[in-house]
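Asks: Under the numbering used here, the first residue of the sequence shown is numbered 1, with each subsequent residue one higher.
Glycine is no exception: its CB is placed at the ideal position from the N, C-alpha and C atoms.
This is the structure I want to talk about, given as structure tokens.
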Amino acid sequence: MLPDYSKFREYLVIKRYSTATIETVIRAVNYLRQWADKENIPELENISYSDMLDFMKWSSRGGASQRTVSGYLTHVRKYYEWLISEGMIKENPVSSIKVQGIKRRAYYDILSIPQLEELYQHYTTNIRHEPGKMLPPQEMNILSRRRNRVILSLLVYQGLRVEEVAALKISDLQLREGKIMIHAKRRTAARNMTLESFQVYEIMDYLHEVRKQLLPEGVITDQLFVQWDGGHNFYGVTQTLLKQLRQINGRIKNLDQIRTSVITQWLKQHDLRKVQHLAGHKYVSSTEAYKQNVLEGLQEAVNRFHPL
């Protein structure tokens with residue numbers, strides 16, 4: 001019988017962790033409990049710093065990679081933070097432990113500024129009539145592509161996360177000032193971003209023509225990007241956009257690749273703090289991680305033009 005984690009779950013929900021993250025954290029805590037039972041440690045509250053080191057060794061011997069072990073510690077640390085907040089323990093046995101030798105994942109295949117702009121410029125809203133592909137109706141397909149073009153511009157020119165685009169409201173637009181307000185999320189900070197002049201006109205066109213036709217009759221919502229069937233599956237919208245972008249550039253792996261490329265290019269033009277603000281990073285260390293992409297790009301250029 002598994003322990004009751006209901007109060008711990010409530011704590012994680014209040015901390016605004018996603019459902020998927022909460023389940024991952026609970027699994028990690030249960031994995032720690034599995035080890036504790038084997039070691040005859042009755043309560044996780046009794047685990048010490050040295051016990052935690054033994055847990056790490058046990059996990060490694062079981063085949064877990066350094067990155068996986070580090071993930072266990074990250075998740076288990078949350079459990080002990082909760083125990084401290086409840087007054088059940090005074091010290092977090094995980095707080096000073098860091099797994100050595102773990103490198104950040106390299107961001108692969110960074111797109112240049114011309115390649116990023118090409119995605120937007122070559123994204124056409126004029127599509128040919130294709131027999132057998134009439135659902136949704138051809139007119140709705142065209143309207144959807146006009147909406148997607150606006151979404152794409154926010155990915156390419158403002159480097160927004162997909163979840164930030166999905167959360168945008170009409171009230172976030174400040175078109176007279178050429179600005180758009182991005183609200184804080186669990187992983188990103190709030191910021192007011194400047195729109196390109198052509199984006200202002202395209203968003204106005206979307207608001208006054210496209211959105212009105214896409215919005216189902218009788219539906220009233222402040223949501224900026226809507227779907228013709230009244231659905232709320234923004235993931236489906238982004239997956240369609242991704243397929244369309246791959247037809248323009250076969251190197252496109254996912255939409256995060258676009259944001260990563262944008263931030264990497266910003267680092268070549270602006271100082272670290274400005275890029276931190278533009279990217280909405282809460283911590284400058286998050287921005288610094290992208291510096292590796294710049295260095296790898298420089299090394300690639302050296303190897304290409306000045307091979308040894």
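#1: Could you say which of Arg-149, Pro-93, Ile-84 lies nearest to Ile-47 if we only look at CA atoms?
#2: Within a Cβ cutoff of 8 Å, which residues of the same chain sit near Ser-65, ignoring the five residues on either side of it in sequence?
#3: For Asn-254, which residues of its own chain have a beta-carbon under 7 Å away from its beta-carbon, when the five flanking residues on both sides are left out?
#4: Secondary structure at Leu-173, three-state DSSP: helix, strand or coil?
#5: Are Lys-169 and Asp-229 closer than 8 Å when you measure CB to CB?
#6: Here's the rule I'm using: 16 or more other beta-carbon atoms within 10 Å means buried, otherwise exposed. How should Ala-28 be labelled?
#7: Where does Gln-292 fall in DSSP's three states?
#8: Going along the chain, which residues of its own chain have a beta-carbon closer than 8 Å to the beta-carbon of Ile-113, five neighbours each way excluded?
#9: Taking only beta-carbon atoms, is Val-29 less than 8 Å away from chain D?
#10: From Leu-12 to Asp-172, what distance separates their C-alpha atoms?
#11: Mind the definition here: the stretch 140 to 150 touches the stretch 188 to 197 only if three or more C-beta pairs lie below 8 Å; say whether that holds.
#12: Could you pull the start and end residues of the beta strand (DSSP E) that Ile-180 belongs to?
#13: What are the uninterrupted segments assigned as alpha helix (DSSP H) that are 4 or more residues long and contained completely in the stretch 39 to 86, given in chain order?
#14: In angstroms, rounded to a whole number, what distance separates the CA positions of Tyr-31 and Arg-67?
#15: List the whole-angstrom C-beta distance separating Tyr-123 from Gln-244, where the pair is believed to meet the contact cut-off of C-beta under 8 Å.
#16: Rounded to the nearest angstrom, what separates Glu-139 and Val-237 at their Cα positions?
#17: Reducing DSSP to helix, strand and coil, say where Thr-124 ends up.
#18: CB-CB under 6 Å to Met-134, same chain, minus the five flanking residues each way: which ones, in chain order?
#19: Starting from Met-193, follow the alpha helix (DSSP H) in both directions and report where the run begins and ends.
#20: So which of Ala-167, Gln-269, Val-284, Glu-45 has the shortest CA-CA distance to Ile-89?
#21: In three-state DSSP terms, what is His-208?
#22: Determine the direct distance from the alpha carbon of Asp-4 to that of Tyr-17, and round the result to whole angstroms.
#23: Go through its chain and collect everything with a Cβ distance to Phe-234's Cβ below 6 Å, but skip five positions before and after it.
#24: Is it the case that the Cβ atoms of Lys-178 and Ser-153 are separated by a distance below 8 Å?
#25: Judging by CA-CA distance, which residue of Thr-188, Leu-207, Val-226, Asn-148 is the nearest neighbour of Asn-174?
#26: Any heavy atom of the ligand ADP closer than 7 Å to the CB of Glu-164?
Replies: According to the structure shown:
#1: Among Arg-149, Pro-93, Ile-84, the Cα nearest to that of Ile-47 belongs to Pro-93.
#2: Taken in chain order, the list of residues that qualify is empty.
#3: A distance below 7 Å between beta-carbons, with the five flanking residues on each side excluded, links Asn-254 to the following residues of its chain, in chain order: Leu-242.
#4: Of the three classes helix, strand and coil, the one that applies to Leu-173 here is strand, per DSSP.
#5: It is not a contact, given that the beta carbons lie outside the stated cut-off.
#6: The residue in question, Ala-28, is buried, as its Cβ has 16 or more Cβ neighbours within 10 Å.
#7: Taken through DSSP and simplified to helix, strand or coil, Gln-292 comes out as helix.
#8: Cβ neighbours of Ile-113 beyond the five flanking positions: Gln-265.
#9: The chain labelled as chain D is not found in the depicted structure, where only one protein chain is given.
#10: Computed Cα separation, rounded: 28 Å.
#11: Counting C-beta pairs closer than 8 Å gives fewer than three between the stretch 140 to 150 and the stretch 188 to 197, which falls short of the contact rule.
#12: In the DSSP assignment, Ile-180 falls within the unbroken beta strand (DSSP E) covering 179 to 182.
#13: Fully enclosed alpha helix (DSSP H) runs of 4 or longer: 49 to 61, 66 to 85.
#14: Approximately 16 Å, taken between the alpha carbons.
#15: That belief holds up - the Cβ atoms of Tyr-123 and Gln-244 are roughly 7 Å apart, short of 8 Å.
#16: Linking Glu-139 to Val-237 through their CA atoms gives a straight-line distance of about 16 Å.
#17: In the structure shown, Thr-124 sits in coil (DSSP, three-state: anything other than H, G, I, E or B).
#18: Summary for Met-134: the model assigns pLDDT 48, below 50, so the residue's position carries little reliability, and this model does not support an answer.
#19: It is not in any alpha helix (DSSP H) - Met-193 instead sits in the beta strand (DSSP E) that spans 191 to 194.
#20: When each option's Cα is compared against that of Ile-89, the closest is Glu-45.
#21: If DSSP states are grouped into helix, strand and coil, His-208 belongs with the helices.
#22: Distance between the alpha carbons of Tyr-17 and Asp-4: 19 Å.
#23: Take Phe-234, set aside five residues on each side of it, and the residues of its chain with a beta-carbon closer than 6 Å to its own are Ala-166, in chain order.
#24: For the sequence presented, residue 178 should be read as Gly rather than Lys. Cβ atoms of Gly-178 and Ser-153: not closer than 8 Å.
#25: According to the sequence provided, residue 174 is Gln. The question's Asn does not apply to it. Closest in C-alpha terms to Gln-174, from the list Thr-188, Leu-207, Val-226, Asn-148, comes Leu-207.
#26: Here there are no bound small molecules, and the ligand ADP is not part of this structure.
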